[in-house]
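*Asks:* Shown below is the structure under consideration.
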Amino acid sequence: MNLKKFGTKTTRSHAITYGLVVLAFIFVQILDGTGTLTSSLRGQLVPICAYVVMAISLNLTVGILGELSLGHAGFMSLGAFSGVIISIALQERVASEPLRLLAALLIGAVIAGIFGFVVGVPALRLRGDYLAIVTLAFGEIIKNVINTLHVGIGPNGLRVSMTDQAALNLGEEGTVIIQGPMGAVGISKLATFTAGFILILVTLFIVLNLIYSRSGRAIMAVRDNRIAAESVGISITRYKLTAFIISAALAGAAGALYALNYSTVVARKFDFNTSILVLVFVVLGGIGNIRGSIIAAIVLTILPELLRAFNDYRMLIYAVILILVMLTSNNDQLRHLLGRITGVVRHGSKKRPNGEGATHV
Amino acid sequence: MSSTSKMVPVPSQAIIPERDLASTPILEVSHLGINFGGLNAVENFSIIVGRTEIAGLIGPNGAGKTTVFNLLTKVYQPTRGAILLDGNDTAGMNTIQINQAGIARTFQNIRLFQSLSVEDNVKIGLHNQVRYNTLTGILRLPGYWKAERQAHEQAMELLSIFDMQHMARYKAGSLPYGAQRRLEIVRALATRPSLLLLDEPAAGMNPSETEALMANIIKIRDTFQIAIMLIEHDMRLVMGICEGIAVLNYGKIIAKGTPEEIQANPAVIEAYLGQKKEA
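Protein chains in written order, with numbering that gives the first Met the number 0: chain A, 0 to 360; chain B, 0 to 278.
Dropping the structure here:
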């Protein structure tokens, strides 16, 4: 009897989230068909999709796992550049554009996932602000390394150099893919709004299904109470890593989608500001609230486009809004996270005012 | 070998219920000890718990009772001594392995997964019995549905011990205090322990709730045929349901015995009430 109630409730909540995304897609398609979409807004469609995926993926780390990551743009960057390399490398072998895009998204996700594992193993031993600092450093390292990277493809296959382009020895027919600080050049624009829409649906499918499964419960158990989680035989490291790797892989796919929307992309694009921007989406949308992340990512990406005149003050406005939301927020999970960061979860804040419902995602 | 063989002390005054004599004791602890920066928090702690015994661990505040639980569950690694669980040495095990080996516990300051539902709390306790991997969960393969249905049924059955099925959907953190304590017990039971450690299960409960708890502890023991060891300050509960009692003071066992023996023991009375001044 109780399961039915619980079941329909979460199922309905999921249906609303998926429905919202589908409706938004249809709405945009209609706008596009009737020609009401401005070209600047049309140019933002793929980045919005990428940011939505980023926001969902970061919410998995911040809201569900309960660990603060300030280097999520690093994973996005890894996905972006590995996706670009793959898409160019496959240019002559695979004719189909959607297939090349799919390969780029998959490789972007896998590379970012691998780095998620490598970074996660040592970093997830840390908690709160220490983990935040390590992830921040990771993002900066990735940015600076890619900034010095030269990658090209020639008759001898893929060549990588950390010094300069000449060291690649590509010969006559070779193509340079990444030119150090100039970034990746000559990208064919494979990303489409439809592809972005599908990626969002896949991301939602992965994250929502993960949360409502055995592993998801274990991840949230680790978030709520580490000691109790261990006492019932749950491996903290294992589930922290699971969540972190999935989150990194999704960020990688988002990065690949993002990069393949432009003809050039530079490593500086994926800096600390981008990490914070995505964190703003998550915090404003509600920590642990997947649907909120999606809405926040869409609104906050469109808003600066609509208010182009104020674009210079965009980050300033974000900062002010973020502070206001934090001050006025009555979000338990936010308070919980803040408590973890300062190391003081006050006793009073643990008591819930009313008994309705369980964690709602 | 020779006539001068090494002498080793053995756990003294061990008592277990007669019905458990035929089987290996579930817990055999010998000379357990831990230092915290030079302070012997627990010293020379030896105890034997029978397979279906309800054992009590009592003592004044700060005597080291919870530390003993933390040592048994390897929250702290003991400095000295051995813990045999069902005859097997637990040296080198961590908290997770201890739980899988058969010890489950509750906490003095309740540690629930507060933001999750009551049912999810129990399902997390069932974690190691619900067997499907992350990918099966994400892709919602048939294994997921089957395992989740079973987990739901098991969770409801476990909640029915305390008549808590109707609370399954509530947020654990929003439950009244007594219900939170009971939920912790249910969650511990979900891990299928052979030894259940209860750290002050009746704390904060009113007399009628305590009465019901006592009946339930016995019911749990009888239904699951497990051993239960509890720390408790409520003497009515301890003397009412414990078969063997150990009294701890300043990290050392000062008395062991049946409730009647403990009540008559001068060392115990002194530990609780202080030394009688000579007139």
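The beta-carbon is built from N, C-alpha and C at its ideal position, and this holds for glycine as well.
Where does B:ILE252 land, buried or exposed, given buried means 16+ other C-beta within 10 angstroms?
*Replies:* buried
*Asks:* Could you compute how far the alpha carbon of A:PHE269 sits from the alpha carbon of A:TYR257?
*Replies:* 11 angstroms
*Asks:* Is it buried or exposed for B:LEU247, if we count other Cβ within 10 angstroms and need 16 for buried?
*Replies:* buried
*Asks:* Closer than 8 angstroms, CB to CB, is B:SER114 near chain A or not?
*Replies:* yes
*Asks:* Please list the partners that A:ARG216 has in chain B, where partner means a Cβ-to-Cβ separation under 8 angstroms.
*Replies:* Result: LEU115, ASP119, LYS122, ILE123, HIS126.
*Asks:* Compare the C-beta of B:ILE82 with all C-beta atoms of chain A and state if any pair is closer than 8 angstroms.
*Replies:* Not one chain A Cβ lies under 8 angstroms of B:ILE82.
*Asks:* DSSP three-state call for A:HIS346: helix, strand or coil?
*Replies:* For A:HIS346, the predicted structure reports a pLDDT of 43, less than 50, and the residue's modelled location is therefore unreliable. A value from the coordinates is still provided. Correct three-state label for A:HIS346: helix.
*Asks:* For the stretch 231-254 of chain A, which residues have a beta carbon sitting closer than 7 angstroms to at least one beta carbon of chain B?
*Replies:* VAL231, GLY232, ILE233, SER234, THR241
*Asks:* Roughly how many angstroms lie between the CA atoms of B:GLU17 and B:PRO24, to the nearest whole one?
*Replies:* 11 angstroms
*Asks:* List, in chain order, every chain B residue whose beta-carbon is nearer than 9 angstroms to that of A:SER212.
*Replies:* TYR131, THR133, THR135, GLY136, ILE137, ARG139, TYR143, GLU147
*Asks:* When DSSP builds the beta bridges, which residues end up paired with A:GLU96?
*Replies:* In the DSSP assignment, A:GLU96 forms no beta bridge with any residue.
*Asks:* Give a yes or no on whether 8 angstroms exceeds the smallest Cβ distance from A:ASP128 to chain B.
*Replies:* no
*Asks:* Compare the Cα-Cα distances from A:LEU209 to each of A:THR193, A:ILE244, A:PHE192 and report the closest residue.
*Replies:* A:ILE244
*Asks:* Over what stretch of residues does the alpha helix (DSSP H) that includes A:THR236 continue unbroken?
*Replies:* 235-258 is the span of the alpha helix (DSSP H), which, as asked, contains A:THR236.
*Asks:* Output the residue ranges of the beta strand (DSSP E) runs that lie fully inside the stretch 51-126 of chain B and measure 3 residues or longer, sorted by chain position.
*Replies:* For the stretch 51-126 of chain B, whole beta strand (DSSP E) runs of length 3 or above, ordered along the chain, are 53-57, 79-84, 102-104.
*Asks:* Shorter than 8 angstroms from the beta carbon of A:ILE286 to some beta carbon of chain B?
*Replies:* No - not a single Cβ of chain B is within 8 angstroms of the one on A:ILE286.
*Asks:* So that I know if they touch, is there some Cβ in chain B lying closer than 8 angstroms to that of A:ALA108?
*Replies:* no
*Asks:* Beta carbon of A:ASP270: closer than 7 angstroms to some heavy atom of the ligand COA?
*Replies:* As far as ligands go, the structure on display features none, and thus does not contain the ligand COA.
*Asks:* So which of A:SER234, A:GLY156, A:GLY291 has the shortest CA-CA distance to A:ARG92?
*Replies:* A:GLY156
*Asks:* From the beta carbon of A:THR16, is the nearest beta carbon of chain B less than 8 angstroms away?
*Replies:* False, the Cβ-Cβ gap to chain B never drops below 8 angstroms.
*Asks:* CB-CB under 7 angstroms to A:VAL51, same chain, minus the five flanking residues each way: which ones, in chain order?
*Replies:* ILE199, ILE293, ALA296, ILE297
*Asks:* With which residues is A:HIS149 paired in a DSSP beta bridge?
*Replies:* A:SER160, A:GLN178
*Asks:* In chain order, what residues of the same chain have a beta carbon less than 8 angstroms from the beta carbon of A:LEU130, not counting five sequence neighbours either side?
*Replies:* GLU66, LEU67, SER68, ALA122, LEU123
*Asks:* From A:THR9, A:PRO46, A:ILE15, pick the residue whose C-alpha is nearest to that of A:THR361; which is it?
*Replies:* There is simply no residue 361 of chain A to check, as chain A begins at 0 and stops at 360 in what is shown.
*Asks:* Kindly list the residues whose CB is nearer than 7 angstroms to the CB of A:HIS13, restricted to its own chain and excluding five residues on each side of it in sequence; keep chain order.
*Replies:* The beta carbon of A:HIS13 sits closer than 7 angstroms to the beta carbons of LEU207 from its chain, once the five residues preceding and following it are set aside; these are given in chain order.
*Asks:* Could you tell me the boundaries of the beta strand (DSSP E) in which B:MET228 lies?
*Replies:* 226-230
*Asks:* Where does A:LYS268 fall in DSSP's three states?
*Replies:* Three-state result, A:LYS268: helix.
*Asks:* Is the separation between the beta-carbon of B:VAL121 and that of B:LEU157 shorter than 8 angstroms?
*Replies:* Against a cut-off of 8 angstroms, the Cβ pair of B:LEU157 and B:VAL121 comes out as a contact.
*Asks:* Taking the C-alpha atoms as reference points, what is the distance between A:ALA111 and B:GLY63?
*Replies:* 48 angstroms
*Asks:* Using a Cβ-Cβ cut-off of 6 angstroms (strictly less than) and excluding sequence neighbours within five positions of B:ILE14, which residues of its own chain qualify?
*Replies:* Answer for B:ILE14: GLY243, listed in chain order.
*Asks:* Which residues mark the beginning and the end of the beta strand (DSSP E) in which B:ILE46 is found?
*Replies:* 38-48
*Asks:* For A:ALA111, return the contacting residues in chain B, with the cut-off set at a CB-CB distance below 9 angstroms.
*Replies:* None at all; the shortest Cβ gap to chain B is about 17 angstroms.
*Asks:* Helix, strand or coil: how does DSSP classify B:LYS145 here?
*Replies:* B:LYS145: helix per DSSP, three-state reduction.
*Asks:* When you compare the stretch 212-225 of chain B with the stretch 149-168 of chain B, are there three or more beta-carbon pairs, one atom per stretch, that lie closer than 8 angstroms?
*Replies:* yes
*Asks:* Looking at the unbroken alpha helix (DSSP H) that takes in B:ALA266, where does it start and where does it end?
*Replies:* 265-272
*Asks:* Please classify B:HIS165 as buried or exposed, where buried requires at least 16 neighbouring CB atoms within 10 angstroms.
*Replies:* exposed
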